[in-house]
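**Student:**
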Amino acid sequence: MCARRGRIPHHSHHLYLHRRDETYSYISPCVKYFLFFFNLIFWLIGGTFMALGAWSFLEEYPETDLAKFESVLDIFIHVSLALVILGMIIFWMSLAGCLGALRENLCFLKLYSLMLLLLFIGEIVLSTVAFIFPNTVSYFLKDKLSKDPIMKYRDDTNLQNLIDVMQINFKCCGISDQGYKDWNRNIYFNCNESNPSPERCAVPFSCCRNNKNFDSGLINSMCGYSFQNISSVVQVNRFIYTRGCIEAVTELFEKNMNYVAGVCLASAVVQLLAMFLARSLQGQIMAQQSR
Numbered sequence: 001m002c003a004r005r006g007r008i009p010h011h012s013h014h015l016y017l018h019r020r021d022e023t024y025s026y027i028s029p030c031v032k033y034f035l036f037f038f039n040l041i042f043w044l045i046g047g048t049f050m051a052l053g054a055w056s057f058l059e060e061y062p063e064t065d066l067a068k069f070e071s072v073l074d075i076f077i078h079v080s081l082a083l084v085i086l087g088m089i090i091f092w093m094s095l096a097g098c099l100g101a102l103r104e105n106l107c108f109l110k111l112y113s114l115m116l117l118l119l120f121i122g123e124i125v126l127s128t129v130a131f132i133f134p135n136t137v138s139y140f141l142k143d144k145l146s147k148d149p150i151m152k153y154r155d156d157t158n159l160q161n162l163i164d165v166m167q168i169n170f171k172c173c174g175i176s177d178q179g180y181k182d183w184n185r186n187i188y189f190n191c192n193e194s195n196p197s198p199e200r201c202a203v204p205f206s207c208c209r210n211n212k213n214f215d216s217g218l219i220n221s222m223c224g225y226s227f228q229n230i231s232s233v234v235q236v237n238r239f240i241y242t243r244g245c246i247e248a249v250t251e252l253f254e255k256n257m258n259y260v261a262g263v264c265l266a267s268a269v270v271q272l273l274a275m276f277l278a279r280s281l282q283g284q285i286m287a288q289q290s291r
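No gaps in the numbering here: position 51 of the sequence shown is 51 in the UniProt record's numbering, and each next residue is one more.
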């Protein structure tokens, strides 16, 4: 009988399959490195937030000022510390994702998946509560956020800048439904006769409709002086903003609900994609280990 040319001998065929099995991997490089670089970006962002927050805090506050923080809310309204906390969450979560993907480590990947799941569940719970009880959430924000930030306006430069930026951009003054009257809670702007401050009964310059001098174009820090003394809100409204910032932000959200929904949906898709990739990589690693 004539031999068939080009056919792999029986023993060589088995050797070829054996070598192929040894080099084959269940782990997809695309999934592995996409997950790694995805988390690397957020790792750098988280590290930047931490560095900026820590630098800002150390520049502005000595160690003894830590005694001023009496509650958890004091930490969250403190811009520097809030930035550090946010940066730490992003930093450690993305670090677990990076190490889990690069080192093919199941423990880090499971930790990363768990943190993503908890974050996603927390967002859903908060969104559901805000949707079902909008008035309660609005009252809580107006009641809690209209006290400490207003009272500490002059004590925290970062908080002061944040409030000024918010009042200028959202065209508002104060936080709650009391509007510009919220500033009566600040010791510098308080209208009590015993208040020796030159800013007595004033509001910050960021409340003014026109806060710059016509000639020089510089900020007029005195443009909000004495407006709390005026009884006519109509007259006050000609020169300063009178509504609270929560009302202004809520109105802006309602007008741009489609964009807000789009941003929320995009954020949810990104988180679900990250969870899917992490779970897929876990399954691939387990399949590779079981060979």
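Glycine included, every Cβ here is placed at the ideal spot set by N, Cα and C.
Please read these numbers as outputs of a predicted model, since none were measured by experiment.
Rounding to the nearest angstrom, what Cα-Cα distance links I8 and S25 in this structure?
**Tutor:** Position 8 of the sequence shown holds residue 8. Position 25 of the sequence shown holds residue 25. Note that I8 scores 45 on pLDDT, short of 50, meaning its location in the model is unreliable; the coordinates nonetheless yield the value given after this. About 25 Å.
**Student:** Count Cβ pairs between the stretch 223-235 and the stretch 201-214 that sit closer than 8 Å; are there 3 or more?
**Tutor:** yes
**Student:** Taking only three categories from DSSP, how would you classify I187?
**Tutor:** Here the question's residue 187 lines up with position 187 in the sequence shown. Coil, per DSSP.
**Student:** Would you be able to state if there are at least three C-beta pairs under 8 Å between the stretch 239-249 and the stretch 166-177?
**Tutor:** yes
**Student:** Terminal residues of the continuous alpha helix (DSSP H) containing F38?
**Tutor:** To locate residue 38, count along the sequence shown from 1; it is residue 38. Residues 29-60.
**Student:** Looking at the unbroken alpha helix (DSSP H) that takes in A266, where does it start and where does it end?
**Tutor:** Counted from its first residue, the sequence shown places residue 266 at position 266. Note, A266: alpha helix (DSSP H), 257-289.
**Student:** Do you know how far the Cα of M88 is from the Cα of G46?
**Tutor:** As a position in the sequence shown, residue 46 is number 46, starting the count at 1. As a position in the sequence shown, residue 88 is number 88, starting the count at 1. One C-alpha to the other measures close to 6 Å.
**Student:** Across the stretch 101-109 and the stretch 244-262, are there enough close Cβ pairs to call them in contact, namely three or more that are closer than 8 Å?
**Tutor:** no
**Student:** Of the residues N161, I163, F214, R154, which one's Cα is nearest the Cα of Y188?
**Tutor:** Sequence index remark: in the sequence shown, residue 188 carries index 188 (1-based). Closest by alpha carbon: R154.
**Student:** Pop quiz: V81 and G122 are said to be a contact at Cβ under 8 Å. What is the actual Cβ separation, rounded to whole angstroms?
**Tutor:** Working through the sequence shown from its first residue, we reach residue 81 at position 81. Working through the sequence shown from its first residue, we reach residue 122 at position 122. The question names Val, but residue 81 is Leu in the sequence shown. The Cβ separation is near 20 Å, so there is no contact.
**Student:** What residue from Y225, E60, Q288 has the CA that sits closest to S206's CA?
**Tutor:** Mapped onto the sequence shown, residue 206 falls at position 206. Nearest option by C-alpha distance: Y225.
**Student:** If the criterion is Cβ atoms closer than 8 Å, does the pair I219 and I27 meet it?
**Tutor:** Taking the first residue of the sequence shown as position 1, residue 219 is located at position 219. Taking the first residue of the sequence shown as position 1, residue 27 is located at position 27. Contact flag unset, no.
**Student:** Do you know offhand how far D148's Cα is from Q289's?
**Tutor:** Translated into positions along the sequence shown, residue 148 becomes position 148. Translated into positions along the sequence shown, residue 289 becomes position 289. So the alpha carbons of these two residues sit roughly 55 Å apart.
**Student:** If you reduce the DSSP assignment to three classes, tell me which class K152 lands in.
**Tutor:** Position 152 of the sequence shown, counted from the start, is the residue given in the question as residue 152. Residue state, collapsed to three classes: coil.
**Student:** Which residues in the same chain have their Cβ closer than 6 Å to the Cβ of L277, if we skip the five residues on either side of it in sequence?
**Tutor:** Stepping through the sequence shown from its first residue, residue 277 is reached at position 277. For L277, where only same-chain residues beyond five positions count, the Cβ hits under 6 Å are V31, L35.
**Student:** What span of residues does the alpha helix (DSSP H) with M166 cover, start to end?
**Tutor:** As a position in the sequence shown, residue 166 is number 166, starting the count at 1. Segment 157-170, the alpha helix (DSSP H) holding M166.
**Student:** Would M50 be called buried (16 or more neighbouring beta carbons within 10 Å of its own) or exposed?
**Tutor:** Counting from 1 along the sequence shown, the entry for residue 50 is found at position 50. Buried.
**Student:** Report the CB separation of L111 from A96 in whole angstroms; it is logged as a contact under 8 Å.
**Tutor:** Position 111 of the sequence shown, counted from the first residue, corresponds to residue 111. Position 96 of the sequence shown, counted from the first residue, corresponds to residue 96. Indeed they touch by this definition, with Cβ atoms about 5 Å apart.
**Student:** Under a three-way DSSP split, which group does S221 fall into?
**Tutor:** Taking the sequence shown and counting its residues from 1, one reaches residue 221 at position 221. S221: coil per DSSP, three-state reduction.
**Student:** Going by the DSSP bridge assignment, what does K212 pair with across the sheet?
**Tutor:** By 1-based counting over the sequence shown, the position of residue 212 is 212. Its beta-bridge partners are I219.
**Student:** In this structure, how does DSSP classify I175 when only helix, strand and coil are distinguished?
**Tutor:** Locating residue 175 in the sequence shown gives position 175, counting from the first residue. In this structure, I175 counts as coil in the three-state DSSP scheme.
**Student:** Pick helix, strand or coil for I230, following the three-state DSSP scheme.
**Tutor:** As a position in the sequence shown, residue 230 is number 230, starting the count at 1. It is coil, neither helix nor strand.
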